[in-house]
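*Asks:* If you read the sequence shown in our numbering, its first letter stands for residue 6, the second for the next number, and so on.
Glycine included, C-beta positions come from ideal geometry on N, C-alpha and C.
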Amino acid sequence: MNSKVTYIIGGIFTAYLLFVAVVIFVYEPQPEDRAWDDRQAFNLQKMSDIHFGQNLDEIRTLLGSADFVEAKTGLDGQYQVLYYRTHHIKSDGVTTKEECTPLLFRDNLLVAWGQDTQQQYFDVPITQQAPQ
(Lines of atoms letter the chains of each structure in order from A and count residues from 1; the text may use other names and numbers.)
(Lines give C-alpha, C1' and ligand atoms only; values in the text may rest on other atoms or scores of the structure.)
Protein backbone atom coordinates (compact mmCIF):
# COMPACT_ATOMS: atom_id res chain seq x y z
CA MET A 1 0.00 0.00 0.00
CA ASN A 2 2.81 2.43 0.88
CA SER A 3 4.52 1.92 -2.46
CA LYS A 4 1.30 2.76 -4.34
CA VAL A 5 0.88 5.99 -2.37
CA THR A 6 4.51 6.90 -3.01
CA TYR A 7 4.08 6.36 -6.77
CA ILE A 8 0.84 8.36 -6.82
CA ILE A 9 2.39 11.29 -4.94
CA GLY A 10 5.50 11.09 -7.12
CA GLY A 11 3.35 11.07 -10.27
CA ILE A 12 1.33 14.08 -9.12
CA PHE A 13 4.51 15.96 -8.22
CA THR A 14 6.09 15.13 -11.59
CA ALA A 15 2.96 16.26 -13.45
CA TYR A 16 3.00 19.51 -11.45
CA LEU A 17 6.67 20.12 -12.31
CA LEU A 18 5.95 19.51 -16.01
CA PHE A 19 3.02 21.95 -15.89
CA VAL A 20 5.16 24.64 -14.23
CA ALA A 21 7.96 24.11 -16.77
CA VAL A 22 5.54 24.46 -19.70
CA VAL A 23 4.06 27.65 -18.25
CA ILE A 24 7.47 29.18 -17.59
CA PHE A 25 8.94 28.38 -21.01
CA VAL A 26 5.89 28.69 -23.28
CA TYR A 27 3.55 31.31 -21.81
CA GLU A 28 4.08 34.81 -23.18
CA PRO A 29 1.80 37.43 -21.60
CA GLN A 30 -0.06 39.80 -23.89
CA PRO A 31 1.28 43.38 -23.82
CA GLU A 32 -1.84 44.65 -22.05
CA ASP A 33 -1.41 42.01 -19.30
CA ARG A 34 2.00 43.39 -18.27
CA ALA A 35 2.75 45.84 -15.47
CA TRP A 36 3.03 49.46 -16.66
CA ASP A 37 6.83 49.55 -16.47
CA ASP A 38 7.20 46.23 -18.31
CA ARG A 39 4.71 47.32 -20.95
CA GLN A 40 6.49 50.64 -21.36
CA ALA A 41 9.83 48.88 -21.96
CA PHE A 42 8.12 46.39 -24.30
CA ASN A 43 6.51 49.21 -26.33
CA LEU A 44 9.80 51.10 -26.62
CA GLN A 45 11.56 47.98 -27.86
CA LYS A 46 8.82 47.14 -30.39
CA MET A 47 8.65 50.74 -31.71
CA SER A 48 11.98 50.10 -33.42
CA ASP A 49 10.32 47.33 -35.48
CA ILE A 50 7.54 49.45 -37.02
CA HIS A 51 7.72 51.06 -40.47
CA PHE A 52 5.71 53.37 -42.73
CA GLY A 53 2.80 51.73 -44.51
CA GLN A 54 2.35 49.06 -41.87
CA ASN A 55 -1.26 47.96 -41.43
CA LEU A 56 -3.23 48.90 -38.30
CA ASP A 57 -3.89 45.23 -37.52
CA GLU A 58 -0.15 44.44 -37.71
CA ILE A 59 0.59 47.19 -35.19
CA ARG A 60 -2.13 45.97 -32.84
CA THR A 61 -0.73 42.44 -33.08
CA LEU A 62 2.77 43.74 -32.37
CA LEU A 63 1.95 46.20 -29.56
CA GLY A 64 -1.43 45.05 -28.22
CA SER A 65 -4.26 47.38 -27.26
CA ALA A 66 -3.49 51.09 -27.27
CA ASP A 67 -3.73 53.17 -24.11
CA PHE A 68 -5.76 55.82 -25.95
CA VAL A 69 -7.42 55.94 -29.39
CA GLU A 70 -8.79 58.87 -31.39
CA ALA A 71 -10.34 58.79 -34.86
CA LYS A 72 -11.89 61.10 -37.43
CA THR A 73 -12.73 61.29 -41.11
CA GLY A 74 -10.68 63.89 -42.97
CA LEU A 75 -11.03 65.25 -46.47
CA ASP A 76 -8.50 62.74 -47.83
CA GLY A 77 -9.29 59.64 -45.75
CA GLN A 78 -10.03 58.17 -42.35
CA TYR A 79 -7.54 58.92 -39.60
CA GLN A 80 -6.81 57.10 -36.37
CA VAL A 81 -4.19 57.88 -33.78
CA LEU A 82 -3.19 55.20 -31.27
CA TYR A 83 -1.27 56.17 -28.15
CA TYR A 84 1.14 53.64 -26.59
CA ARG A 85 2.86 54.29 -23.28
CA THR A 86 6.62 54.65 -23.85
CA HIS A 87 7.98 56.92 -21.10
CA HIS A 88 7.36 57.74 -17.45
CA ILE A 89 6.59 61.26 -16.28
CA LYS A 90 4.75 61.07 -12.95
CA SER A 91 4.10 58.22 -10.51
CA ASP A 92 0.40 58.78 -9.96
CA GLY A 93 -0.99 55.44 -11.11
CA VAL A 94 -2.54 56.99 -14.22
CA THR A 95 -1.22 56.81 -17.78
CA THR A 96 -1.57 60.11 -19.64
CA LYS A 97 -1.16 60.95 -23.32
CA GLU A 98 2.02 62.84 -22.42
CA GLU A 99 3.54 59.48 -21.38
CA CYS A 100 2.62 57.90 -24.72
CA THR A 101 3.95 57.87 -28.27
CA PRO A 102 1.22 58.52 -30.85
CA LEU A 103 0.98 56.45 -34.05
CA LEU A 104 -1.03 58.03 -36.88
CA PHE A 105 -2.86 55.92 -39.46
CA ARG A 106 -4.58 57.11 -42.63
CA ASP A 107 -6.95 54.54 -44.11
CA ASN A 108 -5.48 51.89 -41.75
CA LEU A 109 -1.86 52.45 -42.88
CA LEU A 110 0.83 53.92 -40.62
CA VAL A 111 1.82 57.38 -41.88
CA ALA A 112 3.55 58.95 -38.84
CA TRP A 113 4.66 58.39 -35.26
CA GLY A 114 6.57 60.38 -32.69
CA GLN A 115 6.44 63.88 -31.20
CA ASP A 116 4.84 65.82 -34.10
CA THR A 117 2.26 63.14 -34.88
CA GLN A 118 -0.43 64.46 -32.57
CA GLN A 119 -0.26 67.92 -34.17
CA GLN A 120 -0.46 66.36 -37.66
CA TYR A 121 -3.65 64.59 -36.58
CA PHE A 122 -5.18 67.79 -35.20
CA ASP A 123 -4.29 69.69 -38.39
CA VAL A 124 -6.36 67.36 -40.61
CA PRO A 125 -9.66 69.09 -41.49
CA ILE A 126 -12.78 67.10 -40.69
CA THR A 127 -15.19 66.31 -43.50
CA GLN A 128 -18.85 67.20 -43.05
CA GLN A 129 -20.11 64.13 -44.90
CA ALA A 130 -20.21 60.57 -43.67
CA PRO A 131 -17.76 58.22 -45.48
CA GLN A 132 -19.22 56.09 -48.25
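Taking the straight line between their C-alpha atoms, what separation do you get for Gln85 and Asp54?
*Replies:* Cα to Cα, the separation comes out at about 20 Å.
*Asks:* Considering only residues of the same chain and omitting the five flanking positions on each side of Asn48, which have a CB-CB separation below 8 Å?
*Replies:* Pro36, Leu68, Tyr89, Arg90, Thr91 and Thr106
*Asks:* Note down, in chain order, each residue of its chain lying with its Cβ closer than 6 Å to the Cβ of Leu80, except the 5 sequence neighbours on either side.
*Replies:* The residues are Pro130 and Thr132.
*Asks:* Can you check whether the CB of Leu61 is closer than 9 Å to the CB of Ala87?
*Replies:* Before going on, a small fix: residue 87 reads as Leu here, not Ala. Yes. Within cutoff.
*Asks:* According to the neighbour-count rule (16 or more other Cβ atoms, all chains shown, within 10 Å of its Cβ), is Ile64 buried or exposed?
*Replies:* buried
*Asks:* Quick one: grab the DSSP three-state call for Leu22.
*Replies:* DSSP, reduced to helix, strand and coil, places Leu22 within a helical segment of the structure shown.
*Asks:* Mark Ala40 as exposed unless 16 or more other C-beta atoms lie within 10 angstroms of its C-beta, in which case mark it buried.
*Replies:* exposed
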